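Here the sequence shown is numbered in this note's numbering, starting from 4 and rising by one per residue. Take a look at the structure set out below.
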Amino acid sequence: MADSACWLCKKSGNIACSACSTTACSEFHLAAHYTQIQGQEKKCRPIRVEYREGAGNCLVATADIKPGEVILQEYPAVVAPSLVSATVCLECLRNWQGANLCSKCKFPVCNKECEQGTNHKQECSVLALLPTAPTFKPDERSNPAFALIGVIRFLFLQENPDLADRTSLLMDHVDDIKGSPDLLNMWEGTAVQQLVRELPNSKYTKEDVLRAVGVLHTNSVAGMGRGHALYPTFSLTNHSCICNSRFQIYPDRSILLRAQVSIPKGSEITTQYLTPLIGTMPRRQKIRKNWFFSCICDRCADPTEKGTFLSGIICQSCQDIVLPANPLDYETTWKCMKCSVETTGATVQALMNSLQADLDSTDPADFDALQTKRKNWAKVLHQNHYLFLQLKRNILGCLKMLPEARLEQQNRKRLELQVALAEQNIQVFDVLDPGLTILRGRMIQHCNGPKLQLANMDLKNKKISRLEFLQATARSLNNVKIATSCFEDYQQDPSVGSD
Ligand SMILES: [Zn+2]
Ligand SMILES: [Zn+2]
Ligand SMILES: [Zn+2]
Ligand SMILES: [Zn+2]
Ligand SMILES: [Zn+2]
Ligand SMILES: [Zn+2]
């Protein structure tokens with residue numbers, strides 16, 4: 004018996020999918036049940052929306068989903084410049100060279116072709132009516148006038164009944180924006196003032212503008228180094244600090260959500276809004292600032308972060324580990340697990356900032372400097388501390404770049420170092436970011452070759468048997484397969500290393 008509620012909005016639904024048991028209330032909501040990507044077959048999405056206490060509206064699996072399986076792929080409803088970005092062309096979002104302004108609205112565009120493009124057309128007529136045109140410089144780091152673009156594009160979307168309806172399901176956290184004087188002042192000054200008060204005969208209210216701001220702020224995703232985008236279905240995926248799916252944005256701006264691990268039917272589908280490889284204190288602060296919620300998941304509530312000690316620092320009195328006393332308190336003190344030493348969050352934060360700056364200023368090709376840092380940091384940080392893991396990944400990257408490393412492939416110590424550094428990362432991923440992720444794929448690539456070379460040496464020195472060597476070879480082949488799955492939809496961000 005098919006579920007008679009619409010998979011998306013829960014209204015009673017009597018339009019059934021011909022391929023699965025999903026029902027929808029309207030043709031629009033049935034269409035949203037399918038991934039429809041140009042040049043690909045239309046596919047049912049194995050998901051439905053459910054309201055769950057504590058999580059709000061969330062995506063739930065309607066079938067068992069295998070690791071690596073695609074959950075959904077979709078095109079954005081709105082694409083706009085990011086609030087903090089270099090000056091860009093409003094049509095193609097490429098960096099603006101300073102030569103051309105739109106002849107009608109005086110906002111930056113590359114050329115006539117971009118001026119008449121379909122993206123810029125949306126806001127051009129509105130911008131052209133504003134009494135004062137802002138000024139733009141090509142080398143600016145950000146311009147408050149860019150805040151208008153996403154808002155206008157979102158407001159235009161409301162004239163399309165399908166998309167207006169789809170975006171009506173998204174959270175806006177407008178009450179949180181109103182409750183934060185800094186945010187409210189910023190949006191009053193950059194969007195409400197212009198679109199409600201200055202725009203002649205404006206049909207928009209302050210509430211309309213704040214709703215647009217709120218939906219975009221809460222739900223849009225930065226990607227491919229060009230602006231940010233709002234995806235109506237993907238936006239229903241909640242964050243979890245240990246998640247089961249990961250997303251990738253393609254050059255055509257479609258987003259693809261793929262299972263990292265197996266997701267049993269009926270489980271919530273979750274993803275990471277930010278890297279899982281930072282400690283609880285900075286992670287929870289970022290989540291609160293960007294998405295207006297206080298995460299209280301098992302990982303956040305556990306000072307050891309599931310036994311990984313990702314935030315652990317070494318006690319200078321007894322060499323045991325110092326951790327946040329109550330990680331769910333943003334102002335918590337930090338305590339040694341063994342002796343009575345206590346320190347403030349601010350002191351720890353200052354230490355992290357200085358270590359991060361130290362790491363950022365180290366030449367990534369200077370192997371000796373990185374190795375010295377590794378020895379020094381061992382006195383200050385737990386081996387699994389998130390900054391320490393970053394340093395270890397940097398060392399692996401450095402070893403890969405060194406031509407010397409290739410010449411000295413038989414250097415046993417170096418091979419063992421590569422294996423150890425990569426495996427320390429993988430062991431933490433197993434707990435905090437399990438399954439098929441790009442970073443896991445990279446770590447496998449770093450240690451797989453060295454492991455096989457070590458096995459080869461051991462065989463020659465008769466330290467292992469022929470059978471053990473064959474087993475090592477089989478493991479290595481299996482790792483190549485896993486790494487390939489990890490990189491399934493990975494594409495180098497075109498903004499990196501080009502131009
Ligand atoms: Zn519906
Ligand atoms: Zn279906
Ligand atoms: Zn352009
Ligand atoms: Zn224009
Ligand atoms: Zn959490
Ligand atoms: Zn101590």
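Glycine included, each C-beta is placed from N, C-alpha and C at the ideal position. Note that the structure is predicted; figures quoted are calculated from it, not measured.
Counting only residues of its own chain and dropping the five nearest sequence neighbours on each side, R156 has a CB closer than 6 Å to the CB of V81, A83 and Q125. Relative to ligand 1, the beta carbon of S29 is positioned inside 7 Å of a heavy atom. DSSP places V216 within a helical segment (H, G or I) once states are collapsed to three.
Using a C-beta cut-off of 8 Å, the segment 122-137 makes no contact with the segment 164-174, since fewer than three inter-stretch Cβ pairs fall below that distance. Distance from the CA of N459 to the CA of A34, rounded to the nearest whole angstrom, comes to 55 Å.
Remark: the shortest separation between the CB of K13 and any heavy atom of ligand 4 does not fall under 7 Å. Distances between the C-beta of D255 and the heavy atoms of ligand 6 are all 7 Å or more. Under the 8 Å Cβ criterion, the segment 306-326 does not count as touching the segment 264-272, having fewer than three qualifying pairs. Residue pairing by DSSP leaves V483 without any beta bridge partner. Under DSSP, the beta-bridge partners assigned to C47 are Y37. By DSSP's assignment, Q76 forms a beta bridge with L259.
Between P137 and A148, the C-beta gap is smaller than 8 Å, which places the two residues in contact. Taking a cut-off of 8 Å for Cβ pairs, the segment 296-308 and the segment 321-334 touch, as three or more such pairs fall below it.
Relative to the Cα of L435, the nearest Cα in the group G282, Q393 and E118 belongs to G282. Where C117 is concerned, the enclosing alpha helix (DSSP H) starts and stops at K115 to E118. Burial is judged here by how many other beta carbons sit within 10 angstroms of a residue's own beta carbon; C342 has fewer than 16 and is exposed. For F139, there is no enclosing alpha helix (DSSP H), since its DSSP letter is neither H nor E. The three-state reading of DSSP puts G59 in strand, counting E and B together. Between the segment 213-223 and the segment 451-471 there are fewer than three inter-stretch CB-CB distances shorter than 8 Å, so the stretches are not counted as touching. Where Q386 is concerned, there is no enclosing beta strand (DSSP E), because DSSP gives it neither an H nor an E. Contact between P49 and A66 holds: their C-beta atoms lie close to 5 Å from each other, under 8 Å. The beta carbons of S238 and N222 sit about 4 Å from each other, so the pair counts as a contact at 8 Å. Per the coordinates, the alpha-carbon of L96 lies some 16 Å from the alpha-carbon of C108.
Short of 8 Å from the beta carbon of V52, and not among the five residues preceding or following it, lie these beta carbons of its own chain, in chain order: W10, L11, C12, K13, N60, C61, L62, V63, L172 and L239.
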